[in-house]
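Participant: Here's a structure for you.
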Amino acid sequence: MAHVASLLALLLLLVDGCALFAQSLPQRYRDAGEIRWGADAEGGAPFVFVDPNNPRGGEVGFEVDLATELGRVLGVRFRRAQVPYESLVQVLDRGDCDIVLNGFEATPARQALVRLSRPYYVFQQQLSVGAKSTDVRSLDDLVGKRVGVLGQSQSHQLLLERPGIEIVVYESNVTAYEDVVNGRNAASLADVPIARALRPMFPQLRDVGEPFGAYHYCLGIRRSEPELQRALDAAIGALLADGSLERIYRRWSLWTDAQRQLGDPAVANAYVDTAGSASPAGSGAFDWGMAMALLGEGALRTFGISVVSFALAVLLGMAVALWRLHGPRPLRWLAVVYVELLRGTPILVQMLLLYYGLGSIEWLQLGAVEAGVLGLALNYAAYEAEIYRGALLAIPRGQREAAMTLGFTTAQMLRHVVVPQALRLSLAPSTNDFIALFKDSSIVMVITVVELTKQYQMLANQSGRFIVLGLVTSGLYLAMSLPLAFLARRWERAMERDHA
Amino acid sequence: MISLRAVTKRFGERTLFGGFDLDLAPGKTTVLMGRSGSGKSTLLRLLNQLERHDAGTLRCGELEIPAGLPHGEWQRRTLQLRRRTAMVFQSYQLFPHLSVLDNVTLAPRVVRGAERSAIEAKARELLAQVGMAAAAERFPARLSGGEAQRVAIARALATDPEVLLLDEPTSALDPNSTADVVAVIADLKRRGMTLAMVTHDPDLGRSLADQLVELPRLRG
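Here it is, written out as structure tokens:
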């Protein structure tokens, strides 16, 4: 009997070329002739990336090769869809890609949200520190220290399980390493494949301890598609059996002895049962109290950052407007350049320059919150300056003359007559800017500050509760901006009354 | 008190007046009259340097402001000149963000550093003098034109000027308000204040003037 079966398999192989498992694939994928795999090319080497030394070569990476091989055995084309790493699960659920294939670690949070295929790679964790660091030898030495990790990653999960470590969450491993090099953080924890791939970029870093743990990269599949999961499991099994996986991993220097565990039934079946359970494992356990506390904390931080940066923006904006109108010539030019430069470039770039650009110069290094506040203040000051300039110009010349004929110096005239009136005129437009700042302040998340929007993103990504958490978050923003909007309207009406 | 010697004022190619002499006698009222465009307001504004002259010299006691001073020096001397004079404008120019009382006390506080309490009594006196004592706490937007102009006069007097310059002080006012303001000006004249006033109202001009200066029609 066994002979007949293997003979049949051999026959099939000959007849059907390579598409061994095409029949097991759900009909809709066979009809479409393709499977869209979601991945973030910004995540970089070695997963899927554009080789900087060969930018015309298109996307490469061990997962590009893996996708090609999976396509071969399943008899469909694998087409990549660009999806931000932190949104992989949501985009999969929305149906904008069919599977996730992107160093997708089998964290408990994800096990609750999606089906996971059998693991196709076993990875370990690597701790890295600055070249001069001597006091960190393992995770145990990190208590009380700042440690950078990629958000939503296995490394993140690992640190969360160890109290006392100050976790700084990044959207990219590159910036996480950057902040170890410039001394902001004591260490960074990352998956070994990432650590190896990025090592040439960061010769100043040193790996400490041996790689540890054994974790799995799996494909992510929608909960509603068990057939697709079975087909992909079979395809991975086939690639493991015929040596294709080993070939790919050796080509990318990713082969380790740990990969032999992939054939172990315990590993192969690790996620068969948990995945796809209608009620996700974390669902009953989702701690609403904790979530609300975290959102409240985020809201407080957003409020603090916004208030402080707007206060600075008002002061600096007024100074810039006065320089532009009344300063000596060089200062006037400087004011013009300042306004045009800050208005004409994206705040995102300004923020990254301020934090990572200046971060490489030791005595100019700012903490994340300080850099965030300063970045917002500098940017908004340019807009405030234009509001104030308009308001200053709107004060009639006769007012200035009246002050001058009373014997005021220019400074006294500005201080007692012109600026107070200009401030009143700019109160309403300025308040509108303040409201905008509350929402724009979420930009500071790009430099690792966890404020309200970022906190929402993290909680929603972990739990999948986008709607309820989103409503709560929106409510918190409204609670901050509505009173201001109310004030702005009252001031506007008062102004109309005064000038009637 | 203030004198102009051989003063010339040009606007681009046009000469508004050339080689002009003027003396404001202490305690006397000088009225500048002329058609619109004759430069009578410009002449008044030369007296406190809201307009700069292109030739000639302005004197105020020992203070001398010749034409063509470097900016910094001109600024320094002009500040002194302005601290000895005060001006009342056709359009009042009260500070809208301040109450009537604060309008009057602001300059003494800012320029001379006077204490608010000390200057307040005097400010109320001045407001009483112009018939506006009851309006001390009101804001300029709530005043009629005549009331605003009387407050403006009180504001000017609060700096203890040696000369008060009045630029068409009644031109924006209705007849009743004009009468109120003229009464205040006449009262100042009686008290021996040195006044210089621009007006296009011949009756008003002749009734107040000790010295009447008629500016000729602008030369082409």
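Sequences listed follow chains A and B, in order. So the first sequence is numbered by this note's numbering: it starts at 217 and just counts up by one. So the second sequence is numbered by this note's numbering: it starts at 582 and just counts up by one. For each residue, glycine too, the CB sits at the ideal point set by N, CA and C. This one's a predicted model, so the numbers in the text were calculated from it and none came from an experiment.
Considering only C-alpha positions, which residue in the set Ala699(B), His781(B), Met778(B), Arg736(B) is nearest to Ser680(B)?
Facilitator: Along the second sequence, read from residue 1 onward, the residue named residue 680(B) stands at position 99. Closest option to Ser680(B), Cα to Cα, is Arg736(B).
Participant: Looking only at its chain, what residues have a beta carbon closer than 7 Å to the beta carbon of Ala704(A), apart from the 5 residues adjacent to it on each side?
Facilitator: Here residue 704(A) corresponds to residue number 488 of the first sequence, with the count starting at 1. Closer than 7 Å at the Cβ level, and outside the excluded window around Ala704(A), lie Ala644, Thr647, Asn648.
Participant: Who are the neighbours of Thr740(B) on chain A, taking C-beta pairs under 8 Å?
Facilitator: Within the second sequence, residue 740(B) is the residue found at index 159, counting from 1. By Cβ distance, chain A contributes Leu622, Gly623.
Participant: So, is Trp468(A) buried or exposed, given that buried needs 16 or more other C-beta atoms within 10 angstroms?
Facilitator: To locate residue 468(A), count along the first sequence from 1; it is residue 252. Result: buried.
Participant: Name the chain B residues that come within less than 7 Å of Pro546(A), Cβ to Cβ?
Facilitator: Position 330 of the first sequence holds residue 546(A). Ordered by position in chain B, no residue passes the 7 Å Cβ test against Pro546(A), which lies about 16 Å from the chain.
Participant: Give me the Cα-Cα distance between Val384(A) and Gly364(A), rounded to the nearest whole angstrom.
Facilitator: Taking the first residue of the first sequence as position 1, residue 384(A) is located at position 168. Taking the first residue of the first sequence as position 1, residue 364(A) is located at position 148. Approximately 5 Å between the Cα atoms of the pair.
Participant: Which complete beta strand (DSSP E) runs does the segment 598 to 632 of chain B hold, if anything under 3 residues is left out?
Facilitator: List check, beta strand (DSSP E) in window: 610 to 614.
Participant: From the DSSP output, read off the bridge partner residues of Tyr433(A).
Facilitator: The residue given as residue 433(A) occupies position 217 in the first sequence. Glu321(A), Tyr337(A), per the DSSP bridge assignment.
Participant: Given this structure, state the Cα-to-Cα distance separating Gly600(B) from His634(B), to the nearest angstrom.
Facilitator: Along the second sequence, one-based indexing puts residue 600(B) at 19. Along the second sequence, one-based indexing puts residue 634(B) at 53. Cα to Cα, the separation comes out at about 11 Å.
Participant: Ordered along the chain, which non-local residues of its own chain (more than five positions away) have a Cβ less than 6 Å from that of Ala676(A)?
Facilitator: Translated into the one-based positions of the first sequence, residue 676(A) becomes position 460. Closer than 6 Å at the Cβ level, and outside the excluded window around Ala676(A), lie Phe682, Leu685.
Participant: Give me the subset of the segment 583 to 617 of chain A whose CB atoms are less than 7 Å from a CB atom of chain B, sorted by chain position.
Facilitator: So the list reads Gly614, Gln615, Glu617, given in the order they occur along the chain.
Participant: Are there 16 or more other CB atoms within 10 angstroms of the CB of Gly727(B), so buried, or fewer, so exposed?
Facilitator: The residue given as residue 727(B) occupies position 146 in the second sequence. Buried.
Participant: Would you say Val633(A) reaches chain B, if we count a Cβ-Cβ gap shorter than 7 Å as a contact?
Facilitator: Counting from one through the first sequence, the residue named residue 633(A) turns up at place 417. Chain B contact via Cβ: present.
Participant: Answer with yes or no whether the minimum CB distance from Pro379(A) to chain B is below 7 Å.
Facilitator: For this step, residue 379(A) is matched to residue 163 along the first sequence. Taking Cβ atoms only, chain B never reaches closer than 7 Å to Pro379(A), which makes this a no.
Participant: Please confirm if Gln674(B) has its CB atom under 7 Å from at least one CB of chain A.
Facilitator: Reading the second sequence from its first residue, position 93 is the one you call residue 674(B). Closer than 7 Å to some Cβ of chain A, the Cβ of Gln674(B) qualifies, so yes.
Participant: Using the Cα positions of Arg353(A) and Ala454(A), report the straight-line distance between them to the nearest angstrom.
Facilitator: For the purposes of this step, residue 353(A) is identified with residue 137 of the first sequence, where counting begins at 1. For the purposes of this step, residue 454(A) is identified with residue 238 of the first sequence, where counting begins at 1. Their Cα atoms are separated by approximately 40 Å.
Participant: Return the chain-ordered list of same chain residues with a C-beta closer than 6 Å to the C-beta of Gly346(A), the five sequence neighbours on each side being excluded.
Facilitator: Here residue 346(A) refers to the residue found at position 130 when the first sequence is read from its first residue. The residues are Val396.
Participant: DSSP three-state label for Trp504(A), please.
Facilitator: Position 288 of the first sequence, counting from 1, holds the residue named residue 504(A). Of the three classes helix, strand and coil, the one that applies to Trp504(A) here is helix, per DSSP.
Participant: Within its chain, find whatever has a CB closer than 8 Å to the CB of Gln630(B); leave out the 5 residues flanking it on each side and keep chain order.
Facilitator: Here the question's residue 630(B) lines up with position 49 in the second sequence. If we look at Gln630(B) and ignore the five residues flanking it on each side, its Cβ neighbours are Leu639, Ile646, Trp655, Thr659, Leu662, Arg663.
Participant: Where does Arg719(B) fall in DSSP's three states?
Facilitator: Translated into positions along the second sequence, residue 719(B) becomes position 138. Three-state DSSP puts Arg719(B) in coil, outside helix and strand.
Participant: Note down, in chain order, each residue of its chain lying with its Cβ closer than 7 Å to the Cβ of Met620(A), except the 5 sequence neighbours on either side.
Facilitator: In the first sequence, the residue the question calls residue 620(A) occupies position 404. The answer, listed in chain order, is Met629.
Participant: Can you check DSSP and say which residues form a bridge with Val345(A)?
Facilitator: Here residue 345(A) refers to the residue found at position 129 of the first sequence. Paired residue(s): Ala403(A), Arg422(A).
Participant: Report the neighbours of Arg706(A) on chain D: residues whose CB is nearer than 7 Å to its CB, in chain order.
Facilitator: Absent here is chain D; the protein component of the structure consists of chains A and B.
Participant: Go to Ala739(B), then tell me how far its alpha helix (DSSP H) extends in each direction, as first and last residue.
Facilitator: On the second sequence, position 158 is the one that residue 739(B) refers to. No alpha helix (DSSP H) contains Ala739(B), which DSSP labels as neither H nor E.
Participant: Can you tell me which of Ala722(B), Arg723(B), Val711(B), Ala739(B) puts its alpha carbon nearest to the alpha carbon of Ala699(B)?
Facilitator: For the purposes of this step, residue 699(B) is taken as residue 118 along the second sequence, with counting starting at 1. Ranking the options by Cα distance to Ala699(B), first place goes to Ala739(B).
Participant: Would you mind stating whether His542(A) and Val691(B) have Cβ atoms separated by less than 7 Å?
Facilitator: Sequence index remark: in the first sequence, residue 542(A) carries index 326 (1-based). Sequence index remark: in the second sequence, residue 691(B) carries index 110 (1-based). Result no, Cβ atoms of His542(A) and Val691(B) do not sit closer than 7 Å.
Participant: On the premise that Lys621(B) lies in contact with Val779(B), defined as a C-beta separation below 8 Å, what is that separation, rounded to the nearest angstrom?
Facilitator: Sequence index remark: in the second sequence, residue 779(B) carries index 198 (1-based). Sequence index remark: in the second sequence, residue 621(B) carries index 40 (1-based). 5 Å between Cβ atoms; contact.
Participant: Closest by CA to Glu667(A), which one among Gln342(A), Trp549(A), Gly588(A), Leu461(A)?
Facilitator: As a position in the first sequence, residue 667(A) is number 451, starting the count at 1. Checked all of Gln342(A), Trp549(A), Gly588(A), Leu461(A); the closest Cα to Glu667(A) is Gly588(A).
Participant: Val650(A) lies in the alpha helix (DSSP H); which residues open and close that run?
Facilitator: By one-based count along the first sequence, residue 650(A) stands at place 434. In the sequence on display, residue 650(A) carries Phe and not Val. Unbroken alpha helix (DSSP H) run through Phe650(A): 635 to 656.
Participant: Any C-beta of chain A within less than 7 Å: which residues of the segment 683 to 695 of chain B qualify?
Facilitator: Going along the segment 683 to 695 of chain B in chain order, one finds Leu687, Ala688, Val691, Val692 with a Cβ nearer than 7 Å to chain A.
Participant: What whole-angstrom Cβ distance do Leu625(B) and Leu707(B) have, given they're in contact under 8 Å?
Facilitator: The residue given as residue 625(B) occupies position 44 in the second sequence. The residue given as residue 707(B) occupies position 126 in the second sequence. About 22 Å separates the two Cβ atoms, so there is no contact after all.
Participant: So, at 6 Å on beta carbons, what are the nonlocal neighbours of Ala297(A) in its own chain, with the 5 sequence-adjacent residues on each side left out?
Facilitator: Numbered from 1 along the first sequence, position 81 holds the residue referred to as residue 297(A). Cβ neighbours of Ala297(A) beyond the five flanking positions: Arg252, Gly254, Cys313.
Participant: Please classify Arg731(B): is it buried, with 16 or more other beta-carbons within 10 angstroms of its beta-carbon, or exposed?
Facilitator: Numbered from its first residue, the second sequence carries residue 731(B) at position 150. Buried, because 16 or more other Cβ atoms sit within 10 Å of the Cβ of Arg731(B).
Participant: Just to confirm, is the Cβ distance from Gly575(A) to Asn398(A) under 7 Å?
Facilitator: In the first sequence, the residue the question calls residue 575(A) occupies position 359. In the first sequence, the residue the question calls residue 398(A) occupies position 182. Contact flag set, yes.
Participant: Which residues in chain B sit within 7 Å of Pro636(A), going by Cβ to Cβ distance?
Facilitator: Numbered from its first residue, the first sequence carries residue 636(A) at position 420. Residues of chain B passing the Cβ test: His678.
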